[in-house]
Amino acid sequence: MTSPADDAISLENVTFAYNGEPVIENVAIRVRRGERLGILGPNGGGKSTLLRVILGELDPDAGSVRVLGRSPAAARRTGKIGYLPQRVTAELSFPLDVRRVVEQGVAARVPPWRPLGKQRHAAARALDLVGMTDLADRPIGRLSGGQLQRVLIARSVAAGPEVLLLDEPTVGIDVAGQQQFGDMLETLRREMNLTVVIVSHDLATIAASSDRVACLRRTLHFHDTPNGLTPAVLAEVFSHDIAMIDAHKTAHPTACSESGPTHDPDTTPGCGCGGTR
Numbered sequence: 425m426t427s428p429a430d431d432a433i434s435l436e437n438v439t440f441a442y443n444g445e446p447v448i449e450n451v452a453i454r455v456r457r458g459e460r461l462g463i464l465g466p467n468g469g470g471k472s473t474l475l476r477v478i479l480g481e482l483d484p485d486a487g488s489v490r491v492l493g494r495s496p497a498a499a500r501r502t503g504k505i506g507y508l509p510q511r512v513t514a515e516l517s518f519p520l521d522v523r524r525v526v527e528q529g530v531a532a533r534v535p536p537w538r539p540l541g542k543q544r545h546a547a548a549r550a551l552d553l554v555g556m557t558d559l560a561d562r563p564i565g566r567l568s569g570g571q572l573q574r575v576l577i578a579r580s581v582a583a584g585p586e587v588l589l590l591d592e593p594t595v596g597i598d599v600a601g602q603q604q605f606g607d608m609l610e611t612l613r614r615e616m617n618l619t620v621v622i623v624s625h626d627l628a629t630i631a632a633s634s635d636r637v638a639c640l641r642r643t644l645h646f647h648d649t650p651n652g653l654t655p656a657v658l659a660e661v662f663s664h665d666i667a668m669i670d671a672h673k674t675a676h677p678t679a680c681s682e683s684g685p686t687h688d689p690d691t692t693p694g695c696g697c698g699g700t701r
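Each residue of the sequence shown is one higher than the one before, starting from 425 at the first, in our numbering.
Structure follows, in structure tokens:
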């Protein structure tokens, strides 16, 4: 049994509503320090809203949130939280190389009197941990989708946060890339002693990247290890029948249903679900 001191993130009966309509309701989750928590659920199920509550961008209508023992806003102000939103497109039109983009993440979070050499060293280390050192001089607009995500994650961790929040970070990445992403995330967690919360509607991403899973569709439907994600649990969360399929003969399942897959059947070898996107 863990104590509150072991928690990096604590949510107690959190509710948030838009125009009086609850988007998340009575959500209670504890994330231990150094843990990777995956938040899984359908589009519109409240996942991104919950992430923004943890980040401190939204104040809950009821309940309490603590991040590293303080309010989310205080944790964010002191650079303790790294965040990658679902869509980041502005940088692509700017003539910046990969190294400069990651250095921006350091400059935005550290005191201006910190020596420039230390900032560059922090950015270089982040690039190395995500496997992008060889492309440090490449213009940001010439990267593939998977490469760009690695660079943006490097920028999010370059200043040395203790908590990393990721919103749908593997959209557009195939199954093999998702497994590589999970390996990269584990390297970051281990080397930087990070607590990671990753939001996704994709089961393969969550299975490859999480120690525990919270299934969310307004309320919390499940909170345990990925091994406990049965077809019955997933049907309850996604509101339709679920078939568990091994992608690439691994233990990372993908969710399909009679109403169509929750993944891209064109990039999931062996799926054969015949669903339409």
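Even for Gly, the Cβ is constructed at its ideal location relative to N, Cα and C. Just so you know, these numbers come straight off a predicted model, no measurement behind them.
Annotation: Gly462 to Phe662 spans about 16 Å, alpha carbon to alpha carbon.
Beta bridge pairing from DSSP links Asp591 with Val623. Using a 10 angstroms sphere on the CB of Ser633, the tally of other CB atoms reaches 16 or more, which defines it as buried. Within the model, the alpha-carbon separation for Asn450 versus Leu474 is close to 11 Å. A distance below 6 Å between beta-carbons, with the five flanking residues on each side excluded, links Arg574 to the following residues of its chain, in chain order: Val554, Met556. The Cβ atoms of Val587 and Leu612 lie no closer than 9 Å to each other. Between the alpha carbons of Ser434 and Val620 lies a gap of roughly 13 Å. Between the alpha carbons of Arg524 and Ala532 lies a gap of roughly 12 Å. A contact is defined here as three or more CB-CB pairs under 8 Å, and the region 635-646 fails this definition with respect to the region 477-494. Annotation for Asp648: the continuous beta strand (DSSP E) segment containing it runs 643-648. Put simply, the backbone Cα of Glu660 is about 45 Å away from that of Leu520.
Judged by DSSP in its simplified three-state form, Asp521 adopts strand.
Note on the region 432-478: there is no whole alpha helix (DSSP H) run with a minimum of 4 residues. Leu609: member of the alpha helix (DSSP H) spanning 599-616, first to last residue. In the three-state reduction of the DSSP assignment, Arg566 falls in the helix class. Minimum Cα-Cα distance from His625 among the listed residues Leu640, Gly493, Val599, Ile505 corresponds to Leu640. In this structure, Gly606 lies near Thr629, with their beta-carbon atoms less than 9 Å apart. Taking the Cβ atoms as the reference, Leu551 lies roughly 6 Å from Val526, within the contact range of under 8 Å. Val491 is the residue among Ala429, Met616, Val491, Ile622 whose C-alpha sits nearest the C-alpha of Thr502.
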